[in-house]
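**Q** These protein sequence lines map, in sequence, to chains A and D. Note that this note's numbering has the first sequence beginning at 1, numbered continuously upward. Note that this note's numbering has the second sequence beginning at 115, numbered continuously upward. Just so it is clear, CB atoms sit at the ideal spot from N, CA and C, and this is done for glycine as well.
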Amino acid sequence: EAGVAQSPRYKIIEKRQSVAFWCNPISGHATLYWYQQILGQGPKLLIQFQNNGVVDDSQLPKDRFSAERLKGVDSTLKIQPAKLEDSAVYLCASSLGHPIYGYTFGSGTRLTVV
Amino acid sequence: DQQVKQNSPSLSVQEGRISILNCDYTNSMFDYFLWYKKYPAEGPTFLISISSIKDKNEDGRFTVFLNKSAKHLSLHIVPSQPGDSAVYFCAASVNNDMRFGAGTRLTVKP
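1) Quick one, which of D:Gly157, D:Ser207, D:Ile191 has its alpha-carbon nearest D:Val118's?
2) Count Cβ pairs between the region 169 to 185 of chain D and the region 79 to 88 of chain A that sit closer than 8 Å; are there 3 or more?
3) Run through the region 4 to 29 of chain A for me and flag every whole beta strand (DSSP E) of 3 or more residues, listed as ranges in chain order.
4) Is D:Lys129 helix, strand or coil by DSSP?
5) Considering only C-alpha positions, which residue in the set A:Ala30, A:Arg110, A:Arg16 is nearest to A:Gly72?
6) Give me the Cα-Cα distance between D:Thr218 and D:Pro158, rounded to the nearest whole angstrom.
7) Of all the options A:Tyr90, A:Ser58, A:Asn51, A:Thr109, which has the alpha carbon lying nearest to the alpha carbon of A:Ser27?
8) For a contact meaning CB atoms closer than 7 Å, what does A:Gly40 contact in chain D?
9) With DSSP run on the structure shown, which of helix, strand or coil describes A:Lys71?
10) Can you pull the chain D residues whose beta carbon is under 7 Å from the beta carbon of A:Gly106, in chain order?
11) Taking Cβ-Cβ distances below 8 Å as the criterion, which residues of the region 186 to 202 of chain D are in contact with chain A?
12) Taking only beta-carbon atoms, is A:Ile13 less than 8 Å away from chain D?
13) Chain D beta carbons: is any one of them nearer than 8 Å to that of A:Pro25?
14) State yes or no: is the beta carbon of A:Pro43 nearer than 8 Å to at least one beta carbon in chain D?
15) What would DSSP say about A:Ile38, mapped onto helix, strand or coil?
16) Identify the residues that DSSP records as bridge partners of A:Gly53: which are they?
17) Give me the chain D residues within the contact set of A:Ile100, using Cβ-Cβ distance strictly less than 7 Å, ordered along the chain.
18) Whose CA, out of A:Gly42, A:Thr112, A:Ser94, lies closest to the CA of A:Gln6?
19) Between A:Ala127 and D:Tyr202, what straight-line distance do the alpha-carbon atoms span, to the nearest angstrom?
20) Please report the straight-line C-alpha distance between D:Asp198 and D:Val222, rounded to a whole angstrom.
21) What's the call for D:Ser124, buried or exposed, on a 16-neighbour Cβ count within 10 Å?
22) Any beta carbon of chain A sitting closer than 8 Å to that of D:Asn136?
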């Protein structure tokens, strides 16, 4: 079974620029999550999709962050414009839906904003 | 809001001994608790979980204990192996909203 694919692995941008991250979840996983992990902290949920609908985006800074999940499969997360404090690892995860089975995470995209 | 806390940023144990990683939570509504393991440059990997209606779950060398009255969760690794060296995240879930602790870096010395 292929894992959760994310790209790019690394990205360096200047503040006020825009950036986009891509995620392909495990086939058949209806639920997809984007997490932000700042150095020294645990992952923090940004947005949760169930198929192509948003379940929870209460912690997504909507003035600069946006996400979509086309056709209930791949997803993109965009930041525009980026701020220095957006420097973090952005993790995508997918799951069958029941928390007892945990989530499968991708390797993440490390974003550095300079 | 830090609903899930891991107060020890690091732990070092000798190979073959027991590793005990601890986690505290504040939200009594959490109904599932999980541990994830993370190696450098990789995403967290699901390790073991427990429902709030249980107090213990075992999987090979890994055992998770839940003390609901104390709102405390622990992961025991016996015996510890050098390959267990990683960052361990505690997580808790309610209504499919999963919150993570800040992680504990475990080092198992040969």
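**A** Checking against the coordinates, here is how it stands:
1) D:Ser207
2) no
3) 5 to 7, 10 to 13, 19 to 24
4) Position check: residue 129 of chain D holds Glu in this sequence, whereas Lys was assumed. In this structure, D:Glu129 counts as coil in the three-state DSSP scheme.
5) Of the listed residues, the one whose Cα sits closest to A:Gly72 is A:Ala30.
6) 13 Å
7) Comparing Cα-Cα distances from A:Ser27 to each of A:Tyr90, A:Ser58, A:Asn51, A:Thr109, the minimum goes to A:Asn51.
8) Ala216
9) helix
10) Gly157
11) none
12) no
13) no
14) yes
15) coil
16) A:Gln50
17) Tyr146, Ser163, Ser165
18) Out of A:Gly42, A:Thr112, A:Ser94, A:Ser94 has the C-alpha closest to the C-alpha of A:Gln6.
19) The requested residue 127 of chain A does not occur in the structure, where chain A is confined to residues 1 to 114.
20) 7 Å
21) The residue in question, D:Ser124, is exposed, as its Cβ has fewer than 16 Cβ neighbours within 10 Å.
22) no
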